[in-house]
Amino acid sequence: MNYKFHLDKSSKKFNCPNCSKKTFVRYKDAELDVYLDAHIGRCDRESKCRYHHSPKGNIPLTSLENVEVNSQSSNHNMEVIGEYGRGFVNNNFITYLQRHFCNTDVLHVIQMYYIGTSNYWSNATVFWQIDEFMNVKAGKVMLYDSFSGKRVKKPFPHINWMHKVLQKKDFVLQQCLFGLHNLSESKKKRIGLVESEKTAIIMSVLRPDFIWMATGSKTNFKESLLLPLKGREIIAFPDKSDYEDWNKKAQKLRDKGFKIICSNMLEHHNLLKGDDLVDFMINPDFKRAS
Numbered sequence: 001m002n003y004k005f006h007l008d009k010s011s012k013k014f015n016c017p018n019c020s021k022k023t024f025v026r027y028k029d030a031e032l033d034v035y036l037d038a039h040i041g042r043c044d045r046e047s048k049c050r051y052h053h054s055p056k057g058n059i060p061l062t063s064l065e066n067v068e069v070n071s072q073s074s075n076h077n078m079e080v081i082g083e084y085g086r087g088f089v090n091n092n093f094i095t096y097l098q099r100h101f102c103n104t105d106v107l108h109v110i111q112m113y114y115i116g117t118s119n120y121w122s123n124a125t126v127f128w129q130i131d132e133f134m135n136v137k138a139g140k141v142m143l144y145d146s147f148s149g150k151r152v153k154k155p156f157p158h159i160n161w162m163h164k165v166l167q168k169k170d171f172v173l174q175q176c177l178f179g180l181h182n183l184s185e186s187k188k189k190r191i192g193l194v195e196s197e198k199t200a201i202i203m204s205v206l207r208p209d210f211i212w213m214a215t216g217s218k219t220n221f222k223e224s225l226l227l228p229l230k231g232r233e234i235i236a237f238p239d240k241s242d243y244e245d246w247n248k249k250a251q252k253l254r255d256k257g258f259k260i261i262c263s264n265m266l267e268h269h270n271l272l273k274g275d276d277l278v279d280f281m282i283n284p285d286f287k288r289a290s
């Protein structure tokens with residue numbers, strides 16, 4: 001049985017708030033794929049430390065895999081995009097884009113990806129997941145810092161789904177790749193696949209010879225979401241330190257007939273763990289690993 005929150009299944013460990021050893025496993029939100037507060041988790045030194053702070057309200061969920069293949073999945077009305085497709089002077093992510101690109105390019109990507117603005121948090125951004133048939137499958141609300149372009153994660157991760165914002169209680173979430181609706185733009189262009197919506201948008205300006213899409217999370221790099229891309233040439237660009245994991249998955253996808261390769265470009269540069277193509281290409285003064 002799956003639950004709303006679960007202990008991180010990766011090998012990543014943090015310093016325990018009780019014993020200070022780097023043996024602490026944090027809880028994650030299963031739907032949003034983000035960590036909960038830094039003190040919520042379990043120390044692996046159970047026999048000595050025994051620290052375990054479990055999250056409140058950890059209710060059972062329907063399997064995420066089952067949700068994704070549910071034929072009764074929900075869609076947002078297309079009109080909702082227009083309702084949130086304004087107010088860009090109050091959108092931190094757009095402000096960040098304007099610091100790096102001309103207004104023509106910024107307007108182009110707003111229209112290409114149907115970027116929205118939300119006041120759920122002041123100056124927040126909406127990234128709509130629209131499939132190849134122009135069905136609006138989901139909307140992800142996130143808050144960015146207008147100067148750094150990084151997500152606001154303190155005092156908590158500012159990320160939510162539009163169906164929750166709109167209080168659609170019976171909404172059945174079935175995600176698709178961010179940018180999937182641009183698949184028909186060109187049959188000749190290769191697909192550039194990244195994790196972050198922000199990165200897909202920026203790379204569409206820097207490298208328009210690709211059609212850029214995003215998984216939205218590490219765990220969404222999987223066959224069920226990539227099926228619409230089968231038959232197309234795909235280059236996946238994992239974040240720094242995620243190459244090994246994504247490359248193994250890419251190999252399994254090739255075994256199933258996908259034309260996909262995984263780039264290890266970022267592994268050859270002195271970047272921080274989790275940095276991506278944007279950190280490498282448009283931020284020359286980014287913080288380098290020591």
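Each step along the sequence shown adds one to the number in our numbering, with nothing skipped, and position 14 is 14.
Yeah, the Cβ is synthetic: ideal placement off N, Cα and C, and Gly gets one too.
A quick note: this is a predicted structure, and the numbers were derived from the prediction, not measured.
If you draw a 10 Å sphere on the C-beta of asparagine 123, you find 16 or more other C-beta atoms in it, and that means buried. Cβ neighbours of phenylalanine 178 within its own chain (closer than 7 Å, five residues either side excluded): Phe127, Gln129, Glu197, Ala200, Met213, Ala214 and Gly216. Distances from the CA of lysine 12 to each of Lys4, Lys22 and Asn90 were compared; the closest alpha carbon is that of Lys22. For threonine 125, the number of other beta carbons within 10 angstroms of its own is at least 16, and it is reported as buried.
For the stretch 137-200, the continuous alpha helix (DSSP H) assignments of 4+ residues that do not extend past its boundaries occur at 162-165, in sequence order. For serine 122, the three-state secondary structure derived from DSSP is coil. The C-alpha of proline 228 is placed about 24 Å away from the C-alpha of asparagine 264.
In this structure, the alpha-carbon of glycine 139 lies about 21 Å from that of leucine 36. Below 8 Å, too few C-beta pairs join the stretch 26-45 and the stretch 79-90 to call them touching: fewer than three.
Beta-bridge partners of cysteine 43 (DSSP): Phe24.
For methionine 213, no alpha helix (DSSP H) segment is defined; the enclosing uninterrupted segment is the beta strand (DSSP E) at 210-214.
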